[in-house]
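Report on the structure given below.
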Amino acid sequence: SYTVRAQQGTAEIFDGIKTKTYGYNEDFLGPVIRVEKGMNVTIHLVNDLKEDTTFHWHGLEVSGNEDGGPHNVLKPGESDTINFTVKQDASTLWFHPHPMHKTGEQVFKGLAGLLYIDDKNSERFDIPKTYGDDDYPLILQDKTFTADKQLDYDKTMNEDGTTGDTLLINGVVDPKLTVDRKKIRLRILNGSNMRSYTLHFDNGMAFQQIASDGGFLNKPITTEEIEIAPAERVEIIVDLTAVKRDVINLVHQDATTILPIHLKESIDNPQKAKITEPLNNLEISSQVKRKKVTKTIKLAGMGKSVTINNEKYDPNRIDFTQKQNEVQVWEVENVKDAMEGMNHPFHIHGTQFQVISIDGKEPVGSLSGLKDTISLKPGQKAKIAVKFPEKGIYMFHCHILEHEDNGMMGQIKVD
Ligand code: C2O
Ligand code: CU
Ligand code: CU
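In structure tokens, the structure reads:
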């Protein structure tokens, strides 16, 4: 069993300076919690903050009572215990707060942690899996600091998603990774309030994507760049054995280096071969593909006017119902109106869904794997197959945290 405590702290993000932060069990951010498929897990939740919070398990298929949505508020000083059995395959999930109107601020201040699910099947894969040796988490977040280096949510808060001028990885301002010249695995979480990243290496090298939000892809996908929207996760394998340089940089779209990777001496057992083995056997049955759309989601607006199906979140309104374990086809559209519009990363609690099509085409890349969040550009439309393995009330919302806080959220009751 685990204890997860939301608390205030101070972190030395800048040398010799104390920055006031929030964290889980730590001053800033949180632990990586590792659970195994089949395991019965008990987590004690403690709110040591001076404000309400909730503990949401993003991507985890648990009952609505344990999901930590805005109904599961813990007041300052309160605690609670949740218990669930892990039924999902190996995957990189995460947890963060979800109190109404406060999610953006609490995540910005540091409340975010990782939840890894391990399983027996993936144990045998020939991929890096030793935490901190060849398997590294990278939590990407942008933040802004005041002149005296305090987190500046109040002044930088933006109704269309808060962005920062400083990029942190795992809570560190000038991150650097030093590794042997071998194959490494990066589990990347975009934990930013609104920013998306398109990542590549400055030497142009290709790498392999092996997992999306909900676990392994069927086959590794070789690519030179990868896009990651808020709340999404990708896992990539980077083969450093043949790299000639001593430093390669992970960079994002505007050419900023976000992570220099320093390479030590070559090690003797170069595992050069690309991973070719099948990692998963996801498929969507033709019967599901033929199903009619039974739920339509229209994402619209910007700023305070954001809506889903023309409505704002109302905690007392159930927008949809669905039977436990029933597969339904949802059509999710980012409505293009007269204004330019913006991307909306659409997320559903309590499920890992599969994308049937996007703009009528077969999904590729991350979208071919299990997803809990799908980012849609203005005018884009996706059909997704959604199944809830547990019961309860679940949120669906835009994962630009200020859009969520502005009510771009609805709820579904599964029974
Ligand atoms: Cu990651 Cu409802 O959230
Ligand atoms: Cu979630
Ligand atoms: Cu949005």
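Going by the UniProt record's numbering, 404 is the number at position 334 of the sequence shown; the sequence numbering is gapless.
Even for Gly, the Cβ is constructed at its ideal location relative to N, Cα and C.
Residue i beta carbon near ligand 1 (any heavy atom closer than 8 angstroms)
i	result
Glu-474	yes
His-126	yes
Trp-164	yes
Met-478	no
His-467	yes
Gly-435	no
Ala-301	yes
Gly-139	yes
Contact test: residue i Cβ vs ligand 2 heavy atom, cutoff 8 angstroms
i	result
Gly-129	yes
His-419	yes
Asp-442	yes
Met-372	no
Ala-276	no
Met-170	no
Met-264	no
Outcome for residue i when other beta-carbon atoms lying within 10 angstroms are tallied against a minimum of 16
i	result
Gln-394	exposed
Pro-146	exposed
Lys-441	buried
Gly-430	exposed
Glu-305	buried
Gln-424	buried
Asp-159	buried
Asn-263	buried
residue 487	Given a span of 71 to 485 for the chain in the structure shown, any question on residue 487 remains unanswerable.
Asn-142	buried
Arg-315	exposed
Pro-290	buried
Glu-335	exposed
Ser-438	buried
Gln-422	buried
Gln-481	buried
His-469	buried
Gln-211	buried
Pro-167	buried
Asp-85	exposed
Lys-225	exposed
Arg-387	exposed
Lys-246	exposed
Lys-253	buried
His-467	buried
Any non-hydrogen atom of ligand 3 closer than 8 angstroms to residue i Cβ
i	result
Ile-470	yes
Val-358	no
Met-227	no
Pro-415	yes
Met-412	yes
Val-376	yes
Leu-238	no
Leu-269	no
Residue(s) in a DSSP beta bridge with residue i
i	result
Gln-481	Met-465
His-332	Thr-248 and Val-317
Ile-152	Ile-113
Gly-183	Phe-165
Thr-326	Answer is none; Thr-326 lacks a bridge partner.
Leu-238	Gln-211
Tyr-201	Asp-205
Phe-423	Lys-441
Leu-369	Ile-378 and Asn-404
Of the listed residues the options, nearest to residue i (C-alpha basis)
i	options	result
Lys-374	His-473, Leu-440 and Ile-454	His-473
Val-111	Trp-127, Asp-230 and Val-434	Trp-127
Ile-444	Gly-462, Lys-461 and His-419	His-419
Ala-281	Glu-229, Val-484 and Tyr-186	Tyr-186
Val-242	Pro-167, Tyr-223, Leu-329 and Asp-475	Leu-329
Lys-406	Asp-384, Val-376 and Ser-438	Val-376
Asp-203	Thr-236, Leu-333 and Glu-401	Leu-333
Ile-454	Ala-325, Glu-401 and Met-412	Glu-401
Pro-385	Gly-477, Asp-244, Thr-292 and Asn-288	Gly-477
Leu-144	Thr-124, Ser-133 and Val-132	Thr-124
Ala-452	Phe-215, Ile-463, Glu-432 and His-467	Glu-432
Within 9 angstroms, strictly: CB atoms of residue i and residue j
i	j	result
Lys-361	Phe-390	no
Pro-415	Glu-302	yes
Ser-436	Phe-286	no
Gln-77	Asp-118	yes
Met-465	Pro-140	yes
Arg-251	Asp-205	no
Phe-178	Ile-345	no
Tyr-267	Leu-181	no
residue 26	Glu-403	Nothing about residue 26 can be read from this structure; the chain reaches only from 71 to 485.
Lys-213	Lys-157	no
Asp-188	Arg-104	yes
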